[in-house]
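A quick write-up on the structure given underneath.
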Amino acid sequence: GVIRLRNQFLEARLNSQCELSSLKLLGGSKEFVAPDSLANVFVMFDDIPLYWDAWDVMDYHLETRKPAVKQLLEAATILEQGPLQAAVRVKFAVGSRSVVTQTVIIDAVHPYLKFDTQVEWREDHKFLKVEFPANILSRKATYEIQFGHVERPTHFNTSWDWAKFEVYGHKWADLSEHGHGLALLNTCKYGHAVHGNVLRLSLLRAPKSPDPDADMGLHHFTYALMPHQGTFQEAGVVQQAYELGSPLRMVVCSAESKLSGVLSSQKSLMETGSWFQVSCPAVILETVKRAERRPDALVLRLYEAYGGEAAVVVTTFLPVARAVTCSALEDEGPELPISGGTIQLVLKPFQIVSVMVFLKHHAK
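With full-length UniProt numbering, the residue at position 282 of the sequence shown is 282, and numbering never jumps.
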């Protein structure tokens, strides 16, 4: 049968193996799964490099693609069906001795479909990937890297293009045409490929040298599929990928704790729930840490993520005495103007800025 998952953002249809036959934005007519195709399909490749077993991936492995699923052990079963979250679980055998248990989750607040995956991996020289044929046509795909993103071709027109048969990416990859796009988010898998209209995420390898047991055993990872309108910048793909990898965590503290006293005395924090805020979505506050050589200071590290100049206001409820730019080694630079707990900055495309903030009760 067909299982339908739906929230305020999207609607998806799954078969008994939790493969996607349809994915649409709610209220839209655009189908994001390629015609006559299924998405979230596991595939297996032979993985026998010429020299360095655990390091190299050779292009000729692409010629050995075959379906990974050998047997459906448990057909798709509905685990949850409530106002906050719905979940469907499936279990199947892949390769010669491995088992995948996957839970497909849709919640009320996120514009993506999440795939929470466990694999008991017992293979020899095999490469497990998952594919998403998209109803998107583009000559390039975009991949997140640390403090920015890069574009890579989706074709093999030249030998330079062919050399990019697999590329790195951190939290997301995006394939977009004018008006629409499909982003593949993940928490811990960094090998990507987009060939034509197919997004592919590399999941597990099985090298046997120098360690014959490398990567064997239980693996747990999560990826998500996010259809969107407009560009990945306009759709907030960067922010959604951060939320997938660093979800909100709840901490319960007693009324007598120091943290409870701080929270109750700061009305603005209680209302916003944020120690620091940035006014521009293009600027990401990546790091908040204590200064290495100055116990009286905090270091904020920000970067411009969209590829354009961005003016940003950083706001905090903390009593800031002064703020300076600093290097990665935390050598102090020019002083920054502050006003009422706000710091104003202008970042160039992909610029990384470190700011050292001195608090009033520690200021010297």
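Quick reminder that beta carbons are idealized off the backbone N, C-alpha and C, glycines included.
Give the DSSP-derived three-state secondary structure of residue i in the structure shown.
i    : result
D213 : coil
A297 : strand
F221 : strand
H362 : Bear in mind that the predicted position of H362 carries a pLDDT of just 49, short of 50, making it unreliable; the figure below should be weighed with that in mind. Correct three-state label for H362: helix.
L199 : strand
S354 : strand
E63  : helix
F132 : strand
E292 : coil
So residue i is in the beta strand (DSSP E); what residue range does that whole segment cover?
i    : result
Q277 : F276 to V278
D46  : V41 to D46
S176 : W172 to E177
T187 : Run containing T187: none; DSSP gives neither H nor E here.
L5   : I3 to R6
Should residue i go down as buried or exposed, given a rule of 16 or more other Cβ atoms within 10 Å for buried?
i    : result
Y51  : exposed
N7   : buried
P349 : exposed
M44  : buried
H362 : Only weak support exists for where H362 lies, its pLDDT of 49 falling under 50; the value from the coordinates is given anyway. So H362 counts as exposed.
R200 : buried
A282 : buried
Y306 : buried
G181 : buried
D53  : buried
Y303 : buried
H220 : exposed
C188 : exposed
Q102 : buried
N40  : buried
A311 : exposed
Per DSSP, residue i is paired with what?
i    : result
V238 : According to DSSP, which records beta bridges pairwise, V238 is partnered with nothing at all.
E74  : K91
Q102 : V90 and T117
I343 : V314 and I338
S22  : R13
T287 : R301
F127 : F45 and R205
Y168 : G191
H149 : E144
V324 : E335 and M356
D107 : Q85
V251 : Partner(s): none; V251 has no beta bridge.
Q229 : H180
E80  : A87
Please determine, among the options, the residue with the shortest C-alpha to C-alpha distance to residue i.
i    : options                   : result
W275 : A311, Y242 and P319       : P319
F232 : E177, T325, Q277 and T154 : E177
L175 : F165, Y190, K189 and Y143 : Y143
E151 : K164, N157 and S159       : K164
V194 : K208, A134 and Y223       : A134
N15  : R89, N197 and V57         : R89
G340 : L184, K360 and W160       : K360
K126 : A224, L113, V57 and L184  : V57
Since residue i is in the alpha helix (DSSP H), which residue starts that stretch and which ends it?
i    : result
W52  : Run containing W52: none; DSSP gives neither H nor E here.
S29  : Segment: none, S29 is in no alpha helix (DSSP H) and carries neither H nor E.
D161 : S159 to W162
7 Å is my cut-off, CB to CB: does residue i come that close to chain D?
i    : result
M250 : This model lacks chain D altogether; it includes just one protein chain.
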